[in-house]
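**Student:**
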Amino acid sequence: MKAALVGADGALLHEARRPTGRERGAAAVVQSIVDFAADLRAHGEAHFGEPAAAAGVAVPGIVDAERGVAVYAANLGWTDVPLRDLLGARLGGVPVALGHDVRTGGLAEGRVGAGKDSRRFLFVPLGTGIAGAIGIDGVIEPGAHGSAGEIGHIVVRPGGPPCGCGQRGCLERLASASAVTAAWAEASGDPAADAADCAKAVRSGDPRATEVWQHAVDALADGLLTALTLLDPDTLIIGGGLAEAGDTLFTPLRAAVADRVVRFQTLPAIVPAALGDAAGCLGAGLLAWDLLTPEGARTDTSSTPIDTPSAADGSTTPRR
Numbered sequence: 006m007k008a009a010l011v012g013a014d015g016a017l018l019h020e021a022r023r024p025t026g027r028e029r030g031a032a033a034v035v036q037s038i039v040d041f042a043a044d045l046r047a048h049g050e051a052h053f054g055e056p057a058a059a060a061g062v063a064v065p066g067i068v069d070a071e072r073g074v075a076v077y078a079a080n081l082g083w084t085d086v087p088l089r090d091l092l093g094a095r096l097g098g099v100p101v102a103l104g105h106d107v108r109t110g111g112l113a114e115g116r117v118g119a120g121k122d123s124r125r126f127l128f129v130p131l132g133t134g135i136a137g138a139i140g141i142d143g144v145i146e147p148g149a150h151g152s153a154g155e156i157g158h159i160v161v162r163p164g165g166p167p168c169g170c171g172q173r174g175c176l177e178r179l180a181s182a183s184a185v186t187a188a189w190a191e192a193s194g195d196p197a198a199d200a201a202d203c204a205k206a207v208r209s210g211d212p213r214a215t216e217v218w219q220h221a222v223d224a225l226a227d228g229l230l231t232a233l234t235l236l237d238p239d240t241l242i243i244g245g246g247l248a249e250a251g252d253t254l255f256t257p258l259r260a261a262v263a264d265r266v267v268r269f270q271t272l273p274a275i276v277p278a279a280l281g282d283a284a285g286c287l288g289a290g291l292l293a294w295d296l297l298t299p300e301g302a303r304t305d306t307s308s309t310p311i312d313t314p315s316a317a318d319g320s321t322t323p324r325r
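In this note's numbering, the protein residues as written are 6 to 325.
#1: Please give the ranges of any beta strand (DSSP E) in the segment 137-186, keeping only runs that are unbroken, at least 3 residues long and fully inside the region.
#2: Roughly how many angstroms lie between the CA atoms of Pro273 and Ala188, to the nearest whole one?
#3: Could you check how far apart the C-beta atoms of Gly165 and Gly137 are, in whole angstroms? I think they sit under 8 Å.
#4: In whole angstroms, give me the CA-to-CA distance for Gly246 and Pro277.
#5: How is Glu55 classed by DSSP in three states: helix, strand or coil?
#6: When you compare only the Cα positions, how much space is there between Gly171 and Ala13?
#7: On the criterion of 16 or more Cβ atoms from any shown chain inside 10 Å, does Val267 qualify as buried, or is it exposed?
#8: Taking Leu179 as the reference, give the member of Gln219, Ala197, Gly194, Ala149 with the closest Cα.
#9: Who pairs with His125 in a beta bridge, going by DSSP?
#10: Name the DSSP bridge partner or partners of Thr240?
#11: Could you say which of Gly98, Val62, Thr109, Gly97 lies nearest to Val86 if we only look at CA atoms?
#12: Asp69 by DSSP, collapsed to three states: which one?
#13: Given this structure, state the Cα-to-Cα distance separating Ile353 from Ser183, to the nearest angstrom.
#14: If I follow the unbroken beta strand (DSSP E) through Ala13, where does it start and stop?
#15: Leaving out five residues before and five after Asp252 in sequence, what residues of the same chain have Cβ atoms less than 7 Å from its Cβ?
#16: CB-CB under 6 Å to Asp199, same chain, minus the five flanking residues each way: which ones, in chain order?
#17: Ignore the nearest five residues each way along the sequence and tell me which others in Gly82's own chain have a CB closer than 8 Å to its CB.
#18: Compare the C-alpha of Ala260 against each of Ala232, Ile275, Ala250, Phe269 and name the closest.
#19: Measure how close the beta-carbons of Arg265 and Ala226 come, nearest whole angstrom, since I'm counting them as under 8 Å.
#20: Apply the 10 Å Cβ neighbour rule to Leu235 and answer buried if 16 or more other Cβ atoms are within range, or exposed otherwise.
#21: Between Val64 and chain C, is there a C-beta pair that is closer than 8 Å?
#22: If contacts are defined as beta-carbon pairs under 8 Å, then Leu291 and Arg116 qualify, I think. What distance do you get, rounded to the angstrom?
#23: Report, in whole angstroms, the separation of the C-beta atoms of Ile135 and Gly151, which I expect to be a contact under 8 Å.
#24: What are the boundary residues of the alpha helix (DSSP H) that Ala75 is part of?
#25: Does DSSP put Val86 in a helix, a strand or coil?
#26: Tell me, please, which residues DSSP counts as bridged to Leu131.
#27: Would a C-beta distance cut-off of 8 Å place Pro147 and Ala70 closer than the cut-off?
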């Protein structure tokens, strides 16, 4: 878990991390989050002279933000956890916002990160899995049922490897960091090898690594082409662990997407995420600040001065 006290301008005033402790069971994870938030609130009182004005929490899985319920998270064993109410009770009744981890990270990238000058963007973190956040005019689109942006489950290779969602050939089974790790471990014969090792081998000219890497880039380009055909974004923001490969990823990816764009389409900018693993905390903090402003998510928090120590809690748990 990552947590922070976040200022009104998006500044991280204090950061902390703790293990989720999911091996102790679903109820213990919930208790860990509630305790963590309470400790963060106490830190704000002790060091800034007042408690946080609101709290935001970002969690993986299916989230009902309107009801404040973590509906389902397979890796945490959650079903219908009323997280907003539990946190609000522990934090003395301050307003609490609940969000999806990737969409919350996309909110931060859109407000204060790589998408702050974009009217329409798609944020795609490449980690254990692949998800997406659709940003339009500073607001993240949740969809009618809270699952907009799930680009990782676009089928890019029909009949390909099975996915946990029940389909075969999903994008995240071919282009996520975990997919590259598995493919490179097999190709290299080293079960301990991971995606970062594959990127290093690509840079050294290893043909086996180059083949593994290009297969992932081609699958990702196919998935992104579907997304830009439907959404027509001006910017594609790529984050997550795989994006840490820098030009080793972005140079072939930009070329692959450009090769696939047809005459009626406009090639968007493809840029790395700017906030790294702080995006979730910042986004959770922004969700909290939105509770305190008359216009909510449409308020430009990037221009709000930070003259006082009041802050918002933000905590996230790892995706999948």
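Beta carbons are placed, not taken as given, at the ideal position from N, Cα and C, and that holds for glycine.
**Tutor:** Result, derived from the coordinates:
#1: Whole beta strand (DSSP E) segments, 3+ residues: 138-141, 144-146.
#2: Cα to Cα, the separation comes out at about 29 Å.
#3: At roughly 19 Å, the Cβ-Cβ gap does not stay under 8 Å, so Gly165 and Gly137 are not in contact.
#4: Straight-line Cα distance between these residues: approximately 11 Å.
#5: Annotated three-state conformation of Glu55 is coil, per DSSP.
#6: When rounded, the distance between both Cα atoms is 42 Å.
#7: In this structure Val267 is exposed. Its beta-carbon is surrounded by fewer than 16 other beta-carbon atoms within 10 angstroms.
#8: Comparing Cα-Cα distances from Leu179 to each of Gln219, Ala197, Gly194, Ala149, the minimum goes to Gln219.
#9: A small fix is needed here, since residue 125 is Arg in this sequence, not His. Ile141, per the DSSP bridge assignment.
#10: Answer is Phe126, Ala274.
#11: If we check each option's Cα against that of Val86, Val62 comes out closest.
#12: Note: Asp69 maps to strand in three-state DSSP.
#13: With the chain covering only 6 through 325, there is no way to say anything about residue 353.
#14: It is not in any beta strand (DSSP E) - Ala13 carries neither H nor E in the DSSP assignment.
#15: Closer than 7 Å at Cβ, skipping near neighbours: no residue.
#16: Only Thr186 meet the Cβ criterion.
#17: Around Gly82: Arg27, Gly30, Ala31, Val34.
#18: Checking every option, the nearest Cα to that of Ala260 belongs to Ile275.
#19: Cβ atoms of Arg265 and Ala226 come within 8 Å of each other, at about 6 Å.
#20: By the neighbour-count criterion, in which 16 or more other beta carbons inside 10 Å mark a residue as buried, Leu235 falls on the exposed side.
#21: Going by chain labels, chain C is absent from the structure shown, which holds only one protein chain.
#22: 6 Å between Cβ atoms; contact.
#23: Between Gly151 and Ile135 the Cβ distance is about 18 Å, and since that is not below 8 Å, they are no contact.
#24: The continuous stretches of alpha helix (DSSP H) do not include Ala75, which lies in the beta strand (DSSP E) extending over residues 74-78.
#25: In the structure shown, Val86 sits in a strand (DSSP, three-state: E or B).
#26: In the DSSP assignment, Leu131 forms a beta bridge with Ile135.
#27: Using a Cβ distance threshold of 8 Å, Pro147 and Ala70 count as a contacting pair.
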